[in-house]
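Chains as they are written, first to last, in the working numbering: chain A, 238 to 592; chain B, 238 to 592; chain C, 238 to 592; chain D, 238 to 592.
Protein chains: 4
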Amino acid sequence: MEAFLKKKPGPGVERGTVDKPTISDTEVLVEVKGAAICGTDIHIYLWDEWAANRIKPPLIVGHEMSGKVVEVGKDVNHIIVGNMVSAETHIVDQTCLQCLTGRKHVCQNMKILGVDRDGIFAEYVAIPAHNAWKNDSDLDPIIGAIQEPLGNAVQTLLPINNVEDIAGRNIAVIGMGPIGLMAVAVAKELGADKVFATAGGRNKTRMELARTMGADEVFSARELDRDAIVKAIQDSTDGNGVDVAIEMSGHPDGLVTAFEALTLGGRVSLLGLFPQPFEVDLNRLMIFKAATVYGVSGRLMYRTWFQVRGLLRRPKLREKIAKVVTHRLPIKELEQGYKLILSKKAAKVGLTPQW
Amino acid sequence: MEAFLKKKPGPGVERGTVDKPTISDTEVLVEVKGAAICGTDIHIYLWDEWAANRIKPPLIVGHEMSGKVVEVGKDVNHIIVGNMVSAETHIVDQTCLQCLTGRKHVCQNMKILGVDRDGIFAEYVAIPAHNAWKNDSDLDPIIGAIQEPLGNAVQTLLPINNVEDIAGRNIAVIGMGPIGLMAVAVAKELGADKVFATAGGRNKTRMELARTMGADEVFSARELDRDAIVKAIQDSTDGNGVDVAIEMSGHPDGLVTAFEALTLGGRVSLLGLFPQPFEVDLNRLMIFKAATVYGVSGRLMYRTWFQVRGLLRRPKLREKIAKVVTHRLPIKELEQGYKLILSKKAAKVGLTPQW
Amino acid sequence: MEAFLKKKPGPGVERGTVDKPTISDTEVLVEVKGAAICGTDIHIYLWDEWAANRIKPPLIVGHEMSGKVVEVGKDVNHIIVGNMVSAETHIVDQTCLQCLTGRKHVCQNMKILGVDRDGIFAEYVAIPAHNAWKNDSDLDPIIGAIQEPLGNAVQTLLPINNVEDIAGRNIAVIGMGPIGLMAVAVAKELGADKVFATAGGRNKTRMELARTMGADEVFSARELDRDAIVKAIQDSTDGNGVDVAIEMSGHPDGLVTAFEALTLGGRVSLLGLFPQPFEVDLNRLMIFKAATVYGVSGRLMYRTWFQVRGLLRRPKLREKIAKVVTHRLPIKELEQGYKLILSKKAAKVGLTPQW
Amino acid sequence: MEAFLKKKPGPGVERGTVDKPTISDTEVLVEVKGAAICGTDIHIYLWDEWAANRIKPPLIVGHEMSGKVVEVGKDVNHIIVGNMVSAETHIVDQTCLQCLTGRKHVCQNMKILGVDRDGIFAEYVAIPAHNAWKNDSDLDPIIGAIQEPLGNAVQTLLPINNVEDIAGRNIAVIGMGPIGLMAVAVAKELGADKVFATAGGRNKTRMELARTMGADEVFSARELDRDAIVKAIQDSTDGNGVDVAIEMSGHPDGLVTAFEALTLGGRVSLLGLFPQPFEVDLNRLMIFKAATVYGVSGRLMYRTWFQVRGLLRRPKLREKIAKVVTHRLPIKELEQGYKLILSKKAAKVGLTPQW
């Protein structure tokens with residue numbers, strides 16, 4: 238079959254012909270119908286330090302996907318040939334402390350599709366049946382493919398506790414990458430009062446999309462400094478600050494904005510990864526503020542997925558999420574997709590199975 | 238000033254002229270600008286057993302209201318003359334175990350406006366400053382007056398724990414009285430997938446309003462028996478049943494429907510009051526189902542009020558809630574309001590200050 | 238191998254020789270080293286209506302057990318021959334809504350050892366590796382065998398939310414069966430202030446054990462009527478009532494006691510099963526009280542098991558739990574164990590593998 | 238009356254004679270019967286940067302106290318002359334967002350006794366009735382005085398969510414100041430499995446006290462480097478790490494130890510204040526770990542106080558807490574108390590009312 242691979246260490250990606258995968262008794266084989274490019278794929282493409290340490294070529298890359306099941310292992314009962322599925326790309330051992338206590342998303346022995354084992358920028362992929370999430374049969378395959386990042390947005394807004402904060406609350410979303418954009422849309426869909434969005438400001442597409450998603454106010458870090466953004470948020474919330482702030486920029490300034498804009502005793506979720514450690518005033522940001530802080534990694538398997546399914550059945554949200562996919566390319570033009578993202582012209586890039 | 242009173246024990250209500258109330262150092266005086274009729278008012282009007290035991294005439298009746306502050310006690314700092322406020326009608330001691338542990342709504346020494354002390358079907362009312370909730374200045378006074386029942390709807394959907402269930406979840410609302418109607422609208426506003434509504438079926442207005450509120454399916458107990466309703470809900474939820482059911486009918490059949498339609502490990506909130514005790518199969522309904530059940534009384538003071546304020550700032554919800562007020566009468570026609578409700582022609586009846 | 242079976246419909250149990258079980262690739266074979274008799278076993282022994290409807294003879298009975306792993310299926314990685322394990326006897330499908338959202342204990346397709354498939358009153362038993370819980374190697378096999386009911390006690394005291402109520406709180410445990418006794422010990426171990434225990438009063442052993450478990454006050458329903466018990470609890474809690482009540486009696490009076498003794502806004506967990514439906518005043522008991530009610534079925538798989546393991550490592554609790562096992566018999570005297578329980582002379586009866 | 242004051246900016250404290258305070262209608266006058274020295278008092282004594290910015294002399298210093306009510310304001314109903322009370326020293330406005338939503342401990346307009354208004358190193362003190370916490374009449378006044386830091390320990394272990402982690406869980410307490418010591422004792426009292434304590438190692442008294450409090454293992458940062466401590470904790474927890482870590486050292490190394498010793502998806506509470514901002518690897522410590530982090534400031538008013546009362550009724554804990562008070566001095570020797578703490582020879586210093 239056709240696939241895109243990292244054949245050897247170093248930047249770039251190559252197209253190649255490889256054997257169609259075989260499945261074990263507990264796996265399913267999926268014909269890929271829709272895919273999308275994640276930030277992780279960019280790290281692997283550019284071969285940064287993280288990628289060089291983690292990736293063992295040769296490896297089929299890519300992980301966000303949906304497709305049709307074409308074969309099922311003999312011990313698989315709940316999935317049948319013909320089902321449309323997406324992959325939860327975190328493959329877990331189901332036996333560690335975390336897996337046995339409702340925290341599979343941080344399994345001690347996690348393997349990730351397209352990172353630790355062959356991924357999905359291919360015609361077919363084999364995945365454990367436990368990782369195949371059944372989609373509504375009428376779901377657009379590209380939307381199906383981006384349920385993982387949408388799940389991140391949902392999980393960041395609705396961590397395991399204290400989540401009543403969304404309804405009627407004021408929310409700040411820091412960082413307008415694809416997940417930040419989706420988080421704005423989800424926050425409005427879940428009954429937020431005001432949703433404030435902040436963005437770096439270089440990517441005009443994303444600034445505009447933030448408004449389309451429903452942000453009440455959109456701040457550009459190019460036009461306003463951090464203090465001015467925090468002041469504007471305080472002024473729009475009777476001086477209280479937001480009830481919830483979610484950090485998706487991966488920028489130190491974004492972190493400080495999130496906490497400074499937060500009301501006392503409020504909640505911050507951290508999803509964005511920072512390029513390196515930096516100086517943090519924990520006293521002022523977390524302790525005196527009596528903040529609750531959630532580090533977010535992955536999505537709850539599968540509580541978040543059920544929520545995502547339900548939310549995607551709401552027409553308004555589905556339309557908004559579709560707009561986050563600014564470009565749809567045939568998968569043979571994968572490198573063009575990488576370049577669109579690197580040039581800051583795209584939000585999410587979807588891929589259709591034309592080889 | 239003019240007021241409607243229960244002057245002596247027995248059915249009915251009388252108009253009278255009484256002294257304008259005076260306020261203590263910690264109270265405020267409010268000129269009533271909007272009011273509404275609650276089910277409790279009907280009990281007092283009809284003088285049923287509960288009313289005969291609880292009410293000590295003479296008493297100004299009524300409790301749902303909003304108005305303008307015209308005088309403030311000398312120890313009141315956060316309310317000023319001219320503020321538009323609504324009353325939280327539960328007056329609490331602030332010193333009991335419940336008040337000191339975040340549960341003022343079940344204060345051990347609660348007094349209720351229009352039940353235990355003079356109410357608000359009057360030109361003016363004195364209330365503790367602690368019970369005066371500041372409204373947005375542009376809020377319709379009638380909508381301001383029905384924030385208490387709206388708060389009940391919110392509190393029933395979002396009790397103190399486990400509330401992530403709303404987002405993307407399937408919900409059943411049993412009983413289409415005014416609070417049930419508002420609960421349908423709120424559930425949709427908070428990101429529910431499907432919302433099922435059941436109604437007795439005699440009040441056509443309410444059946445139609447249930448659809449207007451956004452119910453995906455509306456069942457009439459006149460047309461379908463309980464088993465058929467439960468089956469329909471199961472069929473529409475992949476056989477799982479609903480994640481959350483809220484009981485607002487006060488009918489034994491409603492209770493059973495709520496639990497039978499519930500998924501295993503789901504959540505039920507009980508707000509509707511039942512006319513008398515009845516036989517319940519706790520094993521089947523609650524224990525084997527591993528259900529979480531919330532008895533709901535009042536609203537969280539003031540967490541729920543902040544949520545209601547935020548939700549009412551969302552135009553779509555505000556419009557829906559306005560439609561629950563099927564009639565607006567000058568307050569001098571109060572008895573006409575009672576009759577509209579008793580004749581099953583109204584949902585909520587609002588009252589304007591024309592004496 | 239030797240085993241006790243229900244060979245045909247009807248009361249009683251018979252000893253027999255059967256084939257040693259074989260295991261699938263995902264199962265383990267366990268040599269039973271300790272067992273105990275559960276109330277469910279009594280229902281099956283007596284062949285009551287529930288048993289007659291559920292049990293399909295021939296069937297090896299019994300489910301509470303611990304033992305040594307003597308064989309593992311080829312796909313099992315986390316259990317090895319020689320491990321000491323107990324069985325979680327709820328065998329779940331791992332694919333339904335409940336299993337995928339942290340609620341395996343209410344799996345839609347649950348099978349129970351000794352009820353729906355062969356149980357453990359035998360020399361060997363085959364169980365899914367997912368159901369084999371590794372014990373500390375020095376754990377007494379009889380204590381290992383009663384971790385399921387101990388888990389019920391823990392799960393009843395610590396349901397999924399709101400559990401900070403135990404620390405420094407006042408607790409009522411209604412019903413002094415083995416799980417009620419264990420619940421008293423666990424509540425004291427988790428930092429409760431006062432623990433009140435109520436018992437039917439006919440079983441003197443259990444009344445005495447309640448004090449040994451650490452109950453501050455023990456009430457006998459033979460000596461005090463319900464109102465007197467509730468009043469005594471109110472008087473010992475500054476008139477507030479208990480913060481948490483857990484119902485383990487399965488008696489209608491126990492239910493009412495639990496709620497009447499409860500503080501406003503408190504929490505009740507229901508574990509005891511009632512012989513038949515009965516009249517309940519939901520308004521007074523649940524709604525006006527703004528109670529949170531948890532129906533409890535099973536134990537969280539495996540959050541509760543981890544907690545049980547940690548708690549059993551505390552010497553004081555382990556000693557108390559050992560005392561709940563009032564009798565230890567060779568398993569060949571199984572019927573004598575049934576009779577001890579039926580004659581109200583025992584709390585928990587443990588069984589050692591002498592055939 | 239006699240009192241210790243900061244009469245003018247600068248280090249030190251002076252004894253003086255001042256007017257006995259008068260009370261408003263909502264205050265009570267308390268005769269101080271027991272007091273204790275807090276770390277905050279040391280900052281004020283030494284006149285560090287924080288103190289110089291915050292304190293406006295002249296000011297009576299000190300805040301941890303208990304005493305007898307000798308006069309009550311005319312609007313005070315729940316406190317009477319003769320009651321033994323302690324002060325919650327956070328005086329709140331009761332009208333801000335935080336006060337109205339269960340978060341008085343982070344009131345937007347908080348005033349602190351002995352910091353923002355006259356404190357309690359005096360014969361008498363006037364406090365709002367809302368801040369007077371009634372003690373059991375037989376409580377040792379010195380223990381009564383240290384309920385605030387004990388409340389900090391409880392609040393750090395039991396923040397508003399997710400607190401079931403204590404029961405049967407493994408806990409690390411980083412930092413053996415008085416609150417760290419109390420946290421060890423409380424964690425064991427709440428059913429923890431293993432409790433690990435780490436200390437700087439210079440204060441031998443505190444190292445020994447950590448064992449007295451019930452720590453299973455006590456690590457000295459003088460004897461083991463950070464990696465060795467983390468490895469020891471991992472080794473003692475089957476390689477999982479602790480379920481909960483609480484940071485009370487205020488040292489950057491303590492922060493890193495807390496998160497490195499934490500199991501994936503675990504919980505960290507931060508109470509210790511850091512001398513200045515420092516570089517933090519949020520990706521590794523919080524995000525990839527999917528940690529929940531609670532900044533802790535103060536105690537829940539008054540949920541934590543009720544828990545503290547209940548816990549202090551347990552004899553074993555009360556004995557342990559008494560041992561944290563390593564020195565009891567007549568208050569006239571206050572400066573000797575400061576010196577004992579500064580010389581690292583004391584844990585908590587209690588003060589009795591001998592002037």
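We treat Cβ as the ideally placed atom computed from N, Cα and C, and that holds for glycine. Quantities reported herein were computed from a predicted structural model and do not represent experimental measurements.
Quick one: is Gln471 of chain D near chain C, going by C-beta distance under 8 Å?
-> Taking 8 Å as the threshold, the shortest C-beta distance from Gln471 of chain D to chain C does not fall below it.
Using only alpha-carbon positions, find the residue among B:Gly532, B:Ala528 and B:Phe525 that is nearest to Ala527 of chain C.
-> With distances taken between CA atoms, Ala527 of chain C lies nearest to B:Gly532 out of B:Gly532, B:Ala528 and B:Phe525.
Kindly say whether Asp430 of chain D, judged by its beta-carbon, lies nearer than 8 Å to any beta-carbon of chain C.
-> Yes, its Cβ sits closer than 8 Å to a Cβ of chain C.
Which residues DSSP lists as bridging Thr435 of chain D, in chain order = Bridge partners of Thr435 of chain D: D:Ile411 and D:Phe456.
As assigned by DSSP and simplified to three states, the class of Asp490 of chain A = In the structure shown, Asp490 of chain A falls within a helical segment according to DSSP collapsed to helix, strand and coil.
If contact means a Cβ-Cβ distance below 7 Å, which residues of the region 527–543 of chain B contact chain D?
-> Cβ proximity to chain D below 7 Å picks out Tyr539, Arg540 and Phe543 from the region 527–543 of chain B.
Through-space distance from Asn314 of chain A to Ile411 of chain C, alpha-carbon basis = Distance between the alpha carbons of Ile411 of chain C and Asn314 of chain A: 43 Å.
So Ser506 of chain A and Ile483 of chain A are in contact, right, with Cβ under 8 Å, and what is the actual spacing, rounded?
-> 5 Å between Cβ atoms; contact.
According to the neighbour-count rule (16 or more other Cβ atoms, all chains shown, within 10 Å of its Cβ), is Ala382 of chain A buried or exposed?
-> By the beta-carbon neighbour count (other beta carbons within 10 angstroms, threshold 16), Ala382 of chain A is buried.
Boundaries (first-last residue) of the beta strand (DSSP E) holding Leu501 of chain A = Leu499 to Leu507 is the extent of the beta strand (DSSP E) around Leu501 of chain A.
Quick one, which of A:Pro294, A:Gly503 and A:Phe525 has its alpha-carbon nearest Lys244 of chain A's?
-> Nearest option by C-alpha distance: A:Pro294.
Buried or exposed by the 16-neighbour rule on C-beta atoms within 10 Å, applied to Leu596 of chain D = Because chain D is modelled from 238 through 592, residue 596 of chain D falls outside the range shown and cannot be assessed.
Cβ-based contacts, 8 Å cut-off: residues of the region 409–435 of chain D near chain A | Against chain A - using a Cβ distance shorter than 8 Å - the region 409–435 of chain D contributes no residues.
Please compile the residues from chain B whose C-beta is within a distance smaller than 7 Å of the C-beta of Gln215 of chain C.
-> This structure cannot settle anything about residue 215 of chain C, because the visible part of chain C is limited to 238 through 592.
Taking Cβ-Cβ distances below 8 Å as the criterion, which residues of the region 336–361 of chain B are in contact with chain D?
-> Residues Leu337, Thr338 and Gly339.
Give the secondary structure of Asp464 of chain C by DSSP, where H, G and I count as helix, E and B as strand, and everything else as coil.
-> Helix.
Span of the alpha helix (DSSP H), counted from its first residue to its last, around Leu283 of chain C | Note, Leu283 of chain C: alpha helix (DSSP H), Gly276 to Leu283.
Give every residue of the same chain whose Cβ lies closer than 6 Å to the Cβ of Ile297 of chain B, excluding the five residues on either side of it in the sequence, and list them in chain order.
-> Excluding residues within five positions, the ones whose Cβ falls inside 6 Å are Ala240, Leu242, Asp355, Gly356 and Ala359.
Residues near Cys336 of chain B in its chain [Cβ-Cβ closer than 7 Å; skip 5 each side] = For Cys336 of chain B, the CB contacts under 7 Å within the same chain, skipping 5 residues up- and downstream, are Val329, Asp330 and Cys344 in chain order.
How long is the line joining the alpha carbons of Val307 of chain C and Val309 of chain A, rounded to whole angstroms?
-> So the two alpha carbons sit approximately 32 Å from each other.
Buried or exposed: Asp285 of chain D, going by 16 or more other Cβ atoms within 10 Å of its Cβ?
-> Result: exposed.
Which residues in chain A sit within 7 Å of His327 of chain C, going by Cβ to Cβ distance?
-> Neighbours of His327 of chain C across chain A, judged by C-beta separation under 7 Å, do not exist; the nearest C-beta is about 14 Å away.
Whose C-beta lies closer than 7 Å to the C-beta of Lys585 of chain C among residues of the same chain, with five residues either side of it excluded?
-> Excluding positions up to five away in sequence, the list reads Ala273, Ile383, Pro415, Val561, Val562 and Thr563.
May I have the straight-line CA-CA distance separating Gln573 of chain C from Asp353 of chain C, to the nearest angstrom?
-> Going by the C-alpha atoms only, they are around 24 Å apart.
So Arg459 of chain A and Gly438 of chain A are in contact, right, with Cβ under 8 Å, and what is the actual spacing, rounded?
-> With a beta-carbon spacing of about 3 Å, Arg459 of chain A and Gly438 of chain A fall inside the 8 Å limit used to define contacts.
Is Gly381 of chain C close to chain D, meaning its C-beta is less than 8 Å from at least one C-beta of that chain?
-> No, its Cβ sits nowhere closer than 8 Å to a Cβ of chain D.
Leaving out five residues on either side along the sequence, give the residues of the same chain with a beta carbon under 7 Å from the beta carbon of Leu418 of chain D.
-> Taken in chain order, the residues that qualify are Arg443, Leu446, Ala447, Met450, Val561 and Ala584.
Inside the region 342–425 of chain B only - alpha helix (DSSP H) runs reaching at least 4 residues | The DSSP assignment places complete alpha helix (DSSP H) segments of no fewer than 4 residues inside the region 342–425 of chain B at 378–382 and 384–394, in order along the chain.
Over the uninterrupted alpha helix (DSSP H) stretch that includes Glu445 of chain C, give me the two end residues.
-> Segment Lys441 to Thr449, the alpha helix (DSSP H) holding Glu445 of chain C.
Go ahead and label Lys441 of chain C buried or exposed: buried means 16 or more other beta carbons lie within 10 angstroms of its beta carbon, across all protein chains shown.
-> Lys441 of chain C sits exposed, since fewer than 16 C-beta atoms from the chains shown fall within 10 Å of its C-beta.
Contacting residues, own chain, Cβ-Cβ under 7 Å from Asn320 of chain B (five flanking each side not counted) = Result list for Asn320 of chain B: Val306 and Lys371, in chain order.
Mind checking if Ile300 of chain C is an interface residue toward chain A, Cβ cutoff 8 Å exclusive?
-> Per the sequence presented here, residue 300 of chain C reads as His, with Ile not at that position. For His300 of chain C, no Cβ of chain A is located within less than 8 Å of the residue's own Cβ.
Looking at C-alpha atoms only, which residue of B:Arg555, B:Lys569, B:Ile408 and B:Glu325 is the closest neighbour of Asn477 of chain B?
-> It is B:Ile408 whose Cα lies nearest to the Cα of Asn477 of chain B.
Would you identify the three-state DSSP class for Thr254 of chain D, choosing helix, strand or coil?
-> Note: Thr254 of chain D maps to strand in three-state DSSP.
With distances taken from CA atoms, which of B:Gly276, B:Met538, B:Leu283 and B:Glu301 is nearest Ile379 of chain B?
-> Relative to Ile379 of chain B, the option among B:Gly276, B:Met538, B:Leu283 and B:Glu301 whose CA is nearest is B:Glu301.
Measure the CB-CB distance between Leu549 of chain B and Glu426 of chain B and report whether it falls below 8 Å.
-> Not a contact, by the Cβ cut-off of 8 Å.
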